[in-house]
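Scroll down for the structure; my scribbles are underneath it.
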């Protein structure tokens, strides 16, 4: 049947095209129907290579489906549907079209069977998503979007160069296990690392995501980093380096998150923290760890989306997003408050919510494989994520001191989108078997034994106790209007100032060289003119204008005479 | 504002209730350590109240270190604003304003004085 050969990105790209030329309810219906139809199509598909053709001497595989890509395919459909519902009230064609293309590109990437196709969608992800940032229409968003685009495109170039090396090393383009042998392995590793927000390469995320539109950030949080996690899971499972990289990713962002004022930036830091758990799981590489990493990616898309949606709703309704400006909103936004708390509890991995059933797999795998130090870091990060995302986000937005803002709950479509996400968080938490059944490996893992539940609950309640204690003692850092320096300081402040200084010193040297040359030339011409300054010499100043006129007259007269003679 | 209806946490009594609930839960959870037998993998997990104490200390350290970081990395809110306050950025801002149909003030008029 021809339908099986239709890669999942195609319906989304067609949808984007239609959305560009339709308006109002027609556009809304089309945008809602496409992810549903496409998801049904995906559900019915068998595993295997569904589309391939020869390109030059190589085999291109634009559509390959296996258990790993299916997992990401399903969650991308869910994310696309929720994000579309959430942004139904938006009357901005650019955003609607960019959102559809972006979701399609994410799907294209996870079903790409070869590195060249992956590269194409890798760049598509960058070029389509940047419009969701620019759509905010502020100078700050424009410049942040530019930085985002440059970094993303750079990641794509690394991927392309890595792919070229890979072809020469292995003679094939097929995207399977790559590993860190050879230049190709490292180049592709760093390309993925940038998109995955590895430490020191993470700043594009915390820089750009909070500058996007309220609805745009919800799209953004779902796709780019998860495509990178997918690529890592396929290309580098069991790479030990990833265990340490992942553990670092879980720990360092939480310090920034605690003192950050922009609540969507807090969530961006927390996004890196969650991706850290996935990277760590991929690095451990056992069946349980990989299952944990992939299912955590699945759950993270939903609960992180829910948190970004709740903060987007606050921004949409109040026009503010800084913790220092907000507070007391539970009085007038009770539904948003409740939904935000569900998301916050899910990301904190409370039992009976989705984060718990996936994160505990990575933690258990770390322990079982003798990564004791890593396990302690992950445990610290688990307590930390509850602290900054689980408590700080709802507390400073909806409770804390009364800011005097009296915004009502957001439009119905936003509430519906958040409710779907919240229902999924609870559903997966209560009945994890449904999620486990689509995972790549069968490990027979059961998260709900007394040991896990008690340990996690103790960890969380005592973290909450720490928050209360610090607050009552007045030791909790207040929300301050501020900018916190991060790695972006190097390329926004340090390098430009170095360049400016070196440019000005180069300018000075250049000026000195030119001046000395001009002086030399002057002196040479001066001496030349002095030599020639006699009364009748060539450059003599003694020639009056009259003599010139006379000579012209003589020439003309001679000419006239010659013509006259010729006439004779 | 004066006539505004009182909400859940406008009553200090309710805040106290939440806090008491938290204290009692913590005490109960700590006590459960002595009752429930765990299947442990790491020897530290056998320590009484390991997760509870680790969670508490972890969070306190996290907050204190983060607060300390403010000394080094905190700058004013407009620290990076120079990026879009140059002449080029001014022009960009005007373009963006035009896009969102924001009325511009008399700047244009001043430019046309020569006419």
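Residue numbers (the numbering used here), protein chains in the order written: chain C, 14 to 581; chain U, 15 to 129.
From the three backbone atoms N, C-alpha and C, an ideal C-beta is built for every residue, glycine too.
So what does DSSP say about residue i, is it helix, strand or coil?
{"i": "residue 161/C", "result": "helix"}
{"i": "residue 298/C", "result": "coil"}
{"i": "residue 185/C", "result": "coil"}
{"i": "residue 567/C", "result": "helix"}
{"i": "residue 23/U", "result": "helix"}
{"i": "residue 127/C", "result": "strand"}
{"i": "residue 484/C", "result": "helix"}
{"i": "residue 610/C", "result": "With chain C running from 14 to 581 in the structure shown, residue 610/C is simply not present."}
{"i": "residue 58/U", "result": "helix"}
{"i": "residue 149/C", "result": "coil"}
{"i": "residue 459/C", "result": "coil"}
{"i": "residue 108/C", "result": "helix"}
{"i": "residue 465/C", "result": "helix"}
{"i": "residue 419/C", "result": "coil"}
{"i": "residue 180/C", "result": "helix"}
{"i": "residue 492/C", "result": "coil"}
{"i": "residue 31/U", "result": "helix"}
{"i": "residue 580/C", "result": "helix"}
Taking the alpha-carbon positions, what's the residue i to residue j distance?
{"i": "residue 276/C", "j": "residue 520/C", "result": "44 Å"}
{"i": "residue 16/U", "j": "residue 85/U", "result": "Confidence is the limiting factor: at residue 16/U the pLDDT is only 46, short of 50, which leaves the residue's position unreliable, though a coordinate-based value still follows. In a straight line, the C-alpha of residue 16/U is about 40 Å away from that of residue 85/U."}
{"i": "residue 504/C", "j": "residue 97/U", "result": "12 Å"}
{"i": "residue 467/C", "j": "residue 37/U", "result": "16 Å"}
{"i": "residue 113/C", "j": "residue 142/C", "result": "10 Å"}
{"i": "residue 254/C", "j": "residue 485/C", "result": "41 Å"}
{"i": "residue 438/C", "j": "residue 264/C", "result": "24 Å"}
{"i": "residue 380/C", "j": "residue 68/C", "result": "46 Å"}
{"i": "residue 563/C", "j": "residue 576/C", "result": "20 Å"}
{"i": "residue 226/C", "j": "residue 127/C", "result": "33 Å"}
{"i": "residue 131/C", "j": "residue 300/C", "result": "25 Å"}
{"i": "residue 222/C", "j": "residue 21/U", "result": "34 Å"}
{"i": "residue 243/C", "j": "residue 462/C", "result": "29 Å"}
{"i": "residue 103/C", "j": "residue 388/C", "result": "44 Å"}
{"i": "residue 431/C", "j": "residue 358/C", "result": "14 Å"}
{"i": "residue 336/C", "j": "residue 494/C", "result": "9 Å"}
{"i": "residue 56/U", "j": "residue 258/C", "result": "23 Å"}
{"i": "residue 385/C", "j": "residue 311/C", "result": "26 Å"}
Starting from residue i, follow its DSSP beta bridges and name the residues at the other end.
{"i": "residue 274/C", "result": "BP columns for residue 274/C are empty, so no partner."}
{"i": "residue 88/U", "result": "497/C"}
{"i": "residue 335/C", "result": "275/C"}
Does the beta carbon of residue i sit closer than 9 Å to a beta carbon anywhere in chain U?
{"i": "residue 18/C", "result": "no"}
{"i": "residue 380/C", "result": "yes"}
{"i": "residue 248/C", "result": "no"}
{"i": "residue 239/C", "result": "no"}
{"i": "residue 155/C", "result": "yes"}
{"i": "residue 215/C", "result": "no"}
{"i": "residue 359/C", "result": "no"}
{"i": "residue 82/C", "result": "no"}
{"i": "residue 529/C", "result": "no"}
{"i": "residue 338/C", "result": "no"}
{"i": "residue 493/C", "result": "yes"}
{"i": "residue 267/C", "result": "yes"}
{"i": "residue 144/C", "result": "no"}
{"i": "residue 408/C", "result": "no"}
{"i": "residue 505/C", "result": "yes"}
{"i": "residue 468/C", "result": "yes"}
First and last residue of the beta strand (DSSP E) that includes residue i?
{"i": "residue 71/C", "result": "71-78"}
{"i": "residue 64/C", "result": "61-68"}
Along the alpha helix (DSSP H) that carries residue i, what are the first and last residues, could you check?
{"i": "residue 220/C", "result": "216-221"}
{"i": "residue 525/C", "result": "508-544"}
{"i": "residue 381/C", "result": "367-381"}
{"i": "residue 400/C", "result": "Unbroken run through residue 400/C: none, as it is neither H nor E."}
{"i": "residue 247/C", "result": "227-248"}
{"i": "residue 358/C", "result": "347-360"}
{"i": "residue 443/C", "result": "425-443"}
{"i": "residue 447/C", "result": "446-450"}
{"i": "residue 200/C", "result": "195-209"}
{"i": "residue 408/C", "result": "406-411"}
Does residue i come within less than 9 Å of chain C when only Cβ atoms are used?
{"i": "residue 84/U", "result": "yes"}
{"i": "residue 31/U", "result": "no"}
{"i": "residue 61/U", "result": "no"}
{"i": "residue 34/U", "result": "no"}
{"i": "residue 25/U", "result": "no"}
{"i": "residue 70/U", "result": "yes"}
{"i": "residue 44/U", "result": "yes"}
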